[in-house]
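Q: Here it is, the structure in full.
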Amino acid sequence: MQFFTDNFPLLRDAFLTTLGLSLLAGLLALVLGTVLAAMRVSPIPPLRGLATFYVETFRNTPLTVVFFFIVFGLPQIDFVVSFFVGAVLSVGLYTAAFVAEALRSGINSVGPGQAEAARAIGLTFGQSLREVVLPQAFRTVVPPLGNVWIAMVKNTSIAAGFATTELAATLPRLANANAGDILLILLAVVVGYMLITVPSAYGIHRIERRVAILR
Amino acid sequence: MTERPTGEPLVRLSGVNKWYGELHVLQDIDLSIDRGEVVVVIGPSGSGKSTLCRTINRLEGIESGEITIDGQRLPEEGKELARLRADVGMVFQSFNLFAHKTILENVTLGPIKVRKQSKADAEKRARELLDRVGVGHQADKVPAQLSGGQQQRVAIARALAMDPKVMLFDEPTSALDPEMINEVLDVMTSLARDGMTMVVVTHEMGFARRAANRVVFMDAGRIVESAVPETFFTAPSSDRAKDFLSKILNH
Ligand SMILES: Nc1ncnc2c1ncn2[C@@H]1O[C@H](COP(=O)(O)OP(=O)(O)O)[C@@H](O)[C@H]1O
Ligand SMILES: [Mg+2]
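Those protein sequences? They're chains A and B, same order as listed.
Under the numbering used here, the letters of the first sequence match residues 19 to 233, in that order.
Under the numbering used here, the letters of the second sequence match residues 17 to 267, in that order.
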């Protein structure tokens, strides 16, 4: 127990950093991912092309490379951000591609007749999406979006390699100082992640049931 | 029966051509539909009937030619097009009711969002229309709880709620069990009697005889024949129409 009381402030701060990083990156990913998904199904070809380019680029680039680009590449063109903001941007921009894909498959799962009927009564493209397609797509995307969220929480650990002291970054640091307590250290870090992911999984399950009953 | 009001036709297609890749799906289509006229479109599967319907409210674009509604050329895209579509009601083979909305909400969505009516006004009118098509007591259910015939009648009410100038029906009874076909055709017949301008793709000859001013026969992307129903069914002039009629009459 001595180990925990000694290192509690470090672990707590690291946990809060992981949590903050996850929430901010998640918000960025959700907003940007929704815009990208709307662009991908829009009737305007350049918008579709741009969104497809974005999604394919980020989906096929390792997150570490994205971090490297944001943290070390952007300063080359005089765009300097703090390490924490760099981590938020990296994880958020990267995850947005996966959010967009999850949303797009949800949109595609809504039969084309629904959007057609919406347009046929005179709704604009935006109105059709908002009033008819997205509310139905939302049902099918809750589980995949949940998976994206949980994967993202774990992906924030890459920030450890880029000077952000989040949960995973405490591992080598604590292990050096407390060589005999490796298992305890691992346990502490894993519990830290689970404090975020387990309630998330429960929340996702609740939402899933809510929207199912709505039907 | 052939007596029609004079003046500009309500819907006019002139020299319309459309391709799906290599397939020339609509070929030099000329068709004028007057106010209050009911036109039945008939023809073999794949002849382009649905495509014709869908070009009239520009759910499908065309490569050449011109389509006007009430003298106004169809806009390309965007808000203008949306406004024009609001004036053209469409009823689909597969109903396409909004699955996540109640029957009442299905009917009020357009009037509220497009016509900017108040919710109370839209609901009052929606209930009248639902009563008119005989599903007033189902207003609070969701589409999946209704039979096909009921859903299609709701779809008609949804289109009517926009006070359209013209209504398009694409095989509205083809997906229905036989016992439900008449309940839908009866609603359509009464609409026709009330003077609604209608384009109806259907093989229901009883309906065509009863309600149509004109039958248009399509084959392979062309309008092959256009005649009053009695003439078309008893003395078609083209061989292709004769051939087609003999097939549908024999089963
Ligand atoms: N979206 C599409 N893409 C490619 N071909 C299509 C499409 N829609 C219809 N077609 C083809 O166009 C032809 C006419 O179709 P359609 O208008 O649905 O005929 P009908 O309603 O008379 O049965 C058919 O050969 C059909 O396969
Ligand atoms: Mg068809």
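Cβ coordinates follow ideal geometry from the N, Cα and C atoms, glycine included.
Going by DSSP, what residue range makes up the beta strand (DSSP E) through G81 (chain B)?
A: Against the second sequence, residue 81 (chain B) aligns to sequence position 65. G81 (chain B) -> beta strand (DSSP E) spans 80–85.
Q: For S206 (chain B), is the beta carbon positioned less than 7 Å from some heavy atom of ligand 1?
A: Your numbering for residue 206 (chain B) matches position 190 in the second sequence. Not under cutoff, so the answer is no.
Q: Beta-carbon separation of L29 (chain B) and D46 (chain B) under 8 Å?
A: As a working note, residue 29 (chain B) is residue 13 in the second sequence. As a working note, residue 46 (chain B) is residue 30 in the second sequence. Yes, the pair counts as a contact, with Cβ atoms nearer than the cut-off.
Q: Mapping the DSSP letters down to three states, classify E24 (chain B) as helix, strand or coil.
A: Against the second sequence, residue 24 (chain B) aligns to sequence position 8. DSSP places E24 (chain B) in coil when its eight states are reduced to three.
Q: Would you mind stating whether V117 (chain A) and A155 (chain A) have Cβ atoms separated by less than 8 Å?
A: As a working note, residue 117 (chain A) is residue 99 in the first sequence. As a working note, residue 155 (chain A) is residue 137 in the first sequence. No, the pair does not count as a contact, with Cβ atoms beyond the cut-off.
Q: Measure the Cβ-Cβ separation of K157 (chain B) and T118 (chain B) and say whether it is below 8 Å.
A: Numbered from 1 along the second sequence, position 141 holds the residue referred to as residue 157 (chain B). Numbered from 1 along the second sequence, position 102 holds the residue referred to as residue 118 (chain B). A contact, by the Cβ cut-off of 8 Å.
Q: Below 7 Å, is the gap between the Cβ of T67 (chain B) and the nearest heavy atom of ligand 1?
A: The residue given as residue 67 (chain B) occupies position 51 in the second sequence. Yes, the beta carbon of T67 (chain B) sits closer than 7 Å to at least one heavy atom of ligand 1.
Q: Looking at V232 (chain B) and ligand 1, is the gap between the Cβ and the nearest heavy atom below 7 Å?
A: In the second sequence, the residue the question calls residue 232 (chain B) occupies position 216. The answer is no for V232 (chain B).
Q: Compute every distance between the C-beta of L47 (chain B) and the non-hydrogen atoms of ligand 1, then say whether any falls below 7 Å.
A: As a working mapping, residue 47 (chain B) is identified with position 31 in the second sequence. No, since every heavy atom of ligand 1 falls outside the 7 Å radius drawn around the Cβ of L47 (chain B).
Q: Run through the stretch 181–231 of chain A for me and flag every whole beta strand (DSSP E) of 3 or more residues, listed as ranges in chain order.
A: Listed in chain order, nothing qualifies, since the stretch 181–231 of chain A has no complete beta strand (DSSP E) run of 3 or more residues.
Q: With DSSP run on the structure shown, which of helix, strand or coil describes K117 (chain B)?
A: For the purposes of this step, residue 117 (chain B) is taken as the residue at position 101 of the second sequence. If DSSP states are grouped into helix, strand and coil, K117 (chain B) belongs with coil.
Q: Regarding L39 (chain B) and ligand 1, is the C-beta to nearest heavy atom distance less than 7 Å?
A: Residue mapping note: residue 39 (chain B) aligns to position 23 of the second sequence, counting from 1. For ligand 1, at least one heavy atom lies less than 7 Å from the Cβ of L39 (chain B).
Q: Do the stretch 135–142 of chain A and the stretch 122–132 of chain B meet, that is, are 3 or more Cβ pairs less than 8 Å apart?
A: With the cut-off at 8 Å, the stretch 135–142 of chain A and the stretch 122–132 of chain B touch.
Q: Using only the alpha-carbon positions, how far apart do L176 (chain B) and G105 (chain B) sit?
A: Translated into positions along the second sequence, residue 176 (chain B) becomes position 160. Translated into positions along the second sequence, residue 105 (chain B) becomes position 89. Computed Cα separation, rounded: 7 Å.
Q: DSSP state of E241 (chain B), grouped into three classes?
A: Along the second sequence, one-based indexing puts residue 241 (chain B) at 225. The answer is strand: DSSP assigns E241 (chain B) an E or B state.
Q: Quick one: which residues of the stretch 111–144 of chain A get their C-beta closer than 7 Å to a C-beta of chain B? List them in chain order.
A: Residues G131, Q132, E134, A135, R137, A138, I139, G140, L141, T142.
Q: Tell me which residues share the same chain as L45 (chain A) and place their Cβ nearer than 8 Å to its Cβ, disregarding the 5 neighbours each side in the sequence.
A: On the first sequence, position 27 is the one that residue 45 (chain A) refers to. Cβ within range, chain order: G110.
Q: Taking the DSSP output, what are the residues bridged to R230 (chain B)?
A: As a working note, residue 230 (chain B) is residue 214 in the second sequence. Its beta-bridge partners are B:V55.
Q: Along the stretch 99–124 of chain B, where does the CB come closer than 7 Å to a CB of chain A? Name the residues.
A: Flagged, chain order: R99, R101, A102, M106, F108, S110, N112, F114, A115, H116.
Q: So which of B:M204, B:M178, B:K181, B:S254 has the shortest CA-CA distance to T189 (chain B)?
A: Your numbering for residue 189 (chain B) matches position 173 in the second sequence. Among B:M204, B:M178, B:K181, B:S254, the Cα nearest to that of T189 (chain B) belongs to B:M204.
Q: Between which two residues does the alpha helix (DSSP H) carrying F116 (chain A) extend?
A: Taking the first residue of the first sequence as position 1, residue 116 (chain A) is located at position 98. First-last of the alpha helix (DSSP H) with F116 (chain A): 101–127.
Q: Confirm the yes/no value for this check: CB of D186 (chain B), any heavy atom of ligand 2, distance under 7 Å.
A: Taking the first residue of the second sequence as position 1, residue 186 (chain B) is located at position 170. Checking every heavy atom of ligand 2 against the Cβ of D186 (chain B), one is found closer than 7 Å.
Q: Give me the DSSP bridge partner(s) of S30 (chain B).
A: On the second sequence, residue 30 (chain B) is found 14 positions in, with the first residue counted as 1. Per DSSP, B:E82.
Q: Can you tell me which residues form a DSSP beta bridge with H40 (chain B)?
A: Numbered from its first residue, the second sequence carries residue 40 (chain B) at position 24. DSSP, once it has assigned bridges, lists B:W35 as partnering H40 (chain B).
Q: Helix, strand or coil for I62 (chain A), going by three-state DSSP, please let me know.
A: What you label residue 62 (chain A) is simply residue 44 of the first sequence in a count that begins at 1. Correct three-state label for I62 (chain A): coil.
Q: Return the CA-CA distance between F76 (chain A) and A177 (chain A), expressed in angstroms with no decimal places.
A: For this step, residue 76 (chain A) is matched to residue 58 along the first sequence. For this step, residue 177 (chain A) is matched to residue 159 along the first sequence. Those two C-alpha atoms are separated by around 17 Å.
Q: Quick check on E93 (chain B) - is its C-beta less than 8 Å from some C-beta in chain A?
A: The residue labelled residue 93 (chain B) in the question sits at position 77 within the second sequence. Chain A, which has a Cβ nearer than 8 Å to the Cβ of E93 (chain B), makes this yes.
Q: Counting along the chain, where does the alpha helix (DSSP H) carrying G164 (chain A) start and finish?
A: For the purposes of this step, residue 164 (chain A) is identified with residue 146 of the first sequence, where counting begins at 1. Where G164 (chain A) is concerned, the enclosing alpha helix (DSSP H) stretches over 152–173.
Q: Any idea if K95 (chain B) is buried or exposed, counting beta-carbon neighbours within 10 angstroms, 16 or more meaning buried?
A: What you label residue 95 (chain B) is simply residue 79 of the second sequence in a count that begins at 1. Label assigned to K95 (chain B): exposed.
Q: Answer yes or no: does any C-beta atom of chain A fall closer than 8 Å to that of R174 (chain B)?
A: Position 158 of the second sequence, counted from the first residue, corresponds to residue 174 (chain B). Yes, R174 (chain B) lies at the interface with chain A (some Cβ there is under 8 Å from its Cβ).
Q: Could you check if N165 (chain A) is buried or exposed, using at least 16 other CB atoms within 10 Å of its CB as the buried criterion?
A: The residue labelled residue 165 (chain A) in the question sits at position 147 within the first sequence. Per the 10 Å Cβ criterion, exposed.
Q: Is G38 (chain A) near ligand 1, with its Cβ less than 7 Å from a heavy atom?
A: On the first sequence, position 20 is the one that residue 38 (chain A) refers to. The answer is no for G38 (chain A).
Q: Using only the heavy atoms of ligand 1, determine whether one of them is closer than 7 Å to the beta carbon of G77 (chain B).
A: Within the second sequence, numbered from 1, the residue matching residue 77 (chain B) stands at position 61. No, ligand 1 has no heavy atom inside 7 Å of this Cβ.
Q: According to DSSP, is R131 (chain B) part of a helix, a strand, or is it coil?
A: Counting from 1 along the second sequence, the entry for residue 131 (chain B) is found at position 115. Note: R131 (chain B) maps to coil in three-state DSSP.
Q: Assuming contact is defined by CB atoms lying nearer than 8 Å, are T71 (chain B) and L42 (chain B) in contact in what I supplied?
A: Counting from 1 along the second sequence, the entry for residue 71 (chain B) is found at position 55. Counting from 1 along the second sequence, the entry for residue 42 (chain B) is found at position 26. A contact, by the Cβ cut-off of 8 Å.
Q: Given this structure, state the Cα-to-Cα distance separating L106 (chain A) from G210 (chain A), to the nearest angstrom.
A: Looking up residue 106 (chain A) in the first sequence gives position 88. Looking up residue 210 (chain A) in the first sequence gives position 192. Note that residue 106 (chain A) is Val in the sequence shown, not Leu. Their Cα atoms are separated by approximately 19 Å.
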